[in-house]
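This report concerns only the one structure given below.
Chains as they are written, first to last, in this note's numbering: chain Z, 39 to 132; chain E, 16 to 448.
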């Protein structure tokens with residue numbers, strides 16, 4: 039079975055992107071490198087977390103605002119807020 | 016905004032809407048704040064609406080609420096990779112009004128509910144994120160800080176209904192961070208197709224609907240369930256697993272959803288549909304032991320924010336509406352008696368919850384989450400065994416039935432041992448009784 043990329047799913051969704059104001063931030067990237075099993079890479083349902091040359095990279099544009107990454111980041115290495123009012127995912131059906 | 020209100024409600028989901036509606040109906044000055052573009056824009060659910068909780072708020076809701084289909088049939092599927100075995104309950108009783116359960120599309124439904132809240136007299140402000148609670152020197156909550164204008168708004172009491180993540184309650188120290196073992200991630204898609212296709216595939220007439228709950232290999236060994244709900248001209252398909260299990264393996268949530276959709280029992284039901292949205296949401300499934308303190312000086316907490324979900328019966332939105340309503344009723348009683356919104360007086364909210372189905376049901380299943388966490392055979396071994404047993408018995412191949420029975424029993428004993436089987440039966444009996 040060929041699994042479609044998550045981007046193809048996210049493409050169906052409606053977002054109001056708050057350019058330049060990501061609502062989630064990795065506090066200390068060094069802590070992601072050392073000894074963390076990086077559950078964010080597997081658990082984020084929007085695939086916002088990827089690995090680039092050993093570095094965890096976060097792009098919040100496709101974020102579904104579920105909160106999973108914050109809960110599985112047992113190192114508490116995320117600064118996690120909701121987007122400003124009116125921005126982010128706007129579910130058409132929910 | 017430097018106005019003052021009797022009550023501020025944070026969030027326009029089922030809990031917030033039930034609270035705001037009840038408060039406004041009683042004539043209190045209510046401000047409700049929602050961060051989405053419109054009410055519902057941030058909300059995700061399967062979604063099943065249980066009529067009872069809403070009926071207690073809006074008795075004639077059926078005449079105007081955007082409902083999809085009323086449920087006449089419930090299927091429970093226990094699955095292995097190739098098969099499912101299970102139960103169907105279908106009754107013509109469920110076809111007679113007033114109907115007991117409906118599928119809904121939350122974005123539509125929440126907009127309607129919010130309209131009722133506004134008609135009742137509440138001021139509803141969207142596109143505004145509440146960033147924190149305002150407290151006086153003694154720690155009493157006296158309002159909220161928002162990301163709009165000068166930001167501060169004041170009230171006698173704040174109803175915290177900002178959802179499962181409840182950043183507000185956590186920031187204020189009213190609730191701990193969610194533990195991965197107490198919360199499930201559900202992902203789902205909505206697939207559109209002509210309503211005739213929905214009706215012929217599920218053997219139903221116009222307005223009637225079917226619910227399928229799935230457990231077993233569908234969650235790939237993780238604690239969780241899958242679901243399929245029929246809407247008017249679409250199907251919602253999803254799967255949810257505990258975060259503690261998800262983070263211990265390598266399959267992504269969307270891969271899990273793809274595998275669910277590709278299961279040979281599911282795939283034909285979705286064929287030809289057009290996927291129009293992919294959503295994800297956390298479900299607080301920690302049960303009774305995970306419920307935080309639900310009131311304090313100047314605040315109460317309702318719905319998912321308070322971890323009010325009965326995972327066993329897939330009930331959440333009805334608990335949200337009920338807790339929202341009871342929080343509001345408590346506030347109304349105090350306001351009418353001229354009593355201050357202190358922890359001492361708001362404690363009546365918790366007593367109300369204790370006396371109704373909300374806490375009674377959650378208490379009944381209080382040990383179930385721990386049992387399933389510690390015994391993943393219920394999600395892997397047993398579904399394979401029962402499907403294997405059915406396959407053995409129903410395959411006609413010249414082997415006599417007594418030999419088949421022996422083979423099946425040997426399989427069970429080999430996989431779980433005699434003590435294992437008895438122990439599992441006992442664990443389930445104790446957890447469900």
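The beta-carbon is built from N, C-alpha and C at its ideal position, and this holds for glycine as well.
Against chain Z, a Cβ distance below 9 Å from residue 306 of chain E picks out nothing, because the smallest value is about 17 Å. Chain-ordered, the chain Z residues with CB closer than 7 Å to the CB of residue 59 of chain E read 129, 132. Residue-level contact check: residue 269 of chain E touches chain Z, since one or more beta carbons of chain Z fall below 7 Å from its beta carbon.
Counting along the chain, residue 332 of chain E sits inside the alpha helix (DSSP H) bounded by residues 332 to 352. Under the three-state reduction of DSSP output, residue 432 of chain E falls in the coil class, being neither helix nor strand. Chain Z places a beta carbon closer than 7 Å to that of residue 144 of chain E, counting this residue as a contact. Burial is judged here by how many other beta carbons sit within 10 angstroms of a residue's own beta carbon; residue 84 of chain E has at least 16 and is buried. Neighbours of residue 184 of chain E in chain Z, taken as residues whose beta carbon is under 8 Å from its own, are absent, since the nearest beta carbon is some 13 Å off. One alpha carbon belongs to residue 62 of chain Z, the other to residue 92 of chain Z, and they sit about 20 Å apart. Chain-order list of chain Z residues neighbouring residue 291 of chain E: 50, 130, 131, by C-beta distance under 8 Å. Residue contact check for residue 295 of chain E against chain Z: a CB pair falls below 7 Å. Below the 9 Å Cβ cutoff, chain E contributes no neighbours of residue 71 of chain Z, its closest Cβ being approximately 18 Å away. Inside the region 261 to 323 of chain E, DSSP marks whole beta strand (DSSP E) runs of 3 or more residues at positions 289 to 299, 314 to 316, from first to last along the chain. The three-state secondary structure of residue 67 of chain E, taken from DSSP, is helix. Closer than 7 Å to the CB of residue 202 of chain E there is at least one CB belonging to chain Z. Residue 293 of chain E is not a Cβ neighbour of residue 130 of chain Z, given a cutoff of 7 Å. Close partners of residue 104 of chain Z in chain E (Cβ separation under 7 Å): 200, 295, 296, 297. Counting the other Cβ atoms within 10 Å of the Cβ of residue 107 of chain Z gives 16 or more, which makes it buried.
The Cβ-Cβ distance between residue 82 of chain Z and residue 262 of chain E does not fall below 7 Å. If you look at residue 397 of chain E, you'll find it isn't in any beta strand (DSSP E); it sits in the alpha helix (DSSP H) that goes 396 to 409. Its Cα nearest to that of residue 101 of chain E, the residue E/89 stands out among E/379, E/107, E/89. Under the three-state reduction of DSSP, residue 49 of chain Z is assigned to coil, being neither helix nor strand. Closer than 7 Å to the CB of residue 52 of chain E there is at least one CB belonging to chain Z. Note that the C-beta distance between residue 117 of chain E and residue 82 of chain E is below 7 Å. Within the same chain, and ignoring the five residues on either side of residue 271 of chain E in sequence, the residues whose Cβ sits closer than 6 Å to its Cβ are 254. In the DSSP assignment, residue 106 of chain Z falls within the alpha helix (DSSP H) that extends over 106 to 110.
Each residue's CA atom was taken as its position, placing residue 72 of chain E and residue 340 of chain E some 8 Å apart. With respect to chain Z, the C-beta atom of residue 236 of chain E has no partner C-beta closer than 7 Å. Non-local C-beta neighbours of residue 95 of chain E in its own chain, meaning closer than 8 Å and more than five positions away in sequence, comprise 231, 232, 398, 399, 402, 403, ordered along the chain. Considering only beta carbons, the part of the region 150 to 163 of chain E lying closer than 8 Å to chain Z consists of 161, 162, 163, in chain order. If you draw a straight line from the Cα of residue 318 of chain E to the Cα of residue 414 of chain E, it comes to about 55 Å. Annotation: Cβ neighbours of residue 124 of chain Z in chain E (cutoff 7 Å, chain order): 52, 142.
For residue 388 of chain E, the uninterrupted alpha helix (DSSP H) segment begins and ends at 383 to 389.
Note that the region 296 to 313 of chain E touches the region 371 to 391 of chain E; at least 3 beta-carbon pairs, one per stretch, sit closer than 8 Å. Within 8 Å of the CB of residue 331 of chain E, no CB atom of chain Z is found; the nearest one sits about 14 Å away.
Residue 123 of chain Z is positioned such that its CB atom lies closer than 7 Å to that of residue 144 of chain E.
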